[in-house]
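Worksheet: the structure to be examined is printed underneath.
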Amino acid sequence: MTYTQYVNGKNADQGMVMRVMTYDLSSKKMTKLADVPYTSQYPLSVVSLPDHKIYYSAD
Numbered sequence: 000m001t002y003t004q005y006v007n008g009k010n011a012d013q014g015m016v017m018r019v020m021t022y023d024l025s026s027k028k029m030t031k032l033a034d035v036p037y038t039s040q041y042p043l044s045v046v047s048l049p050d051h052k053i054y055y056s057a058d
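In terms of numbering that gives the first Met the number 0, the sequence shown has 37 at position 38, counting the first letter as 1, and numbering is strictly consecutive.
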């Protein structure tokens, strides 16, 4: 799951990040993996847990 978050929690004055999360179906637990710099108009990400990598759209 990816969503946009304001760095300061209120507005874009200090920039934005793509917050990358995972959701475990069995435990029903959501975990934050990373905050990635917001560099594209449409933030997208894919997580490879076995490879410990996050792939994301960038400008």
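Virtual Cβ for every residue (Gly too), placed ideally from N, Cα, C.
This structure is a prediction, so every number in the text was calculated from the model and none was measured.
Ser25 - containing beta strand (DSSP E), residue span: The residue you call residue 25 lines up with position 26 of the sequence shown. Where Ser25 is concerned, there is no enclosing beta strand (DSSP E), given that its DSSP letter is neither H nor E.
With 16 other Cβ atoms within 10 Å as the buried cut-off, status of Pro42: Residue 42 sits at position 43 when you count from the first residue of the sequence shown. Buried, by the Cβ-count rule.
Backbone CA spacing between Tyr64 and Met17 [nearest angstrom]: Any property of residue 64 remains undetermined from this structure, which presents the chain solely from 0 to 58.
Alpha-carbon to alpha-carbon, Ser25 and Thr38: Taking the first residue of the sequence shown as 1, we reach residue 38 at position 39. Taking the first residue of the sequence shown as 1, we reach residue 25 at position 26. Cα to Cα, Thr38 sits roughly 33 Å from Ser25.
Simplified DSSP assignment, three categories, for Asp12: Start at 1 with the first residue of the sequence shown, and residue 12 comes out as number 13. Three-state DSSP puts Asp12 in a helix.
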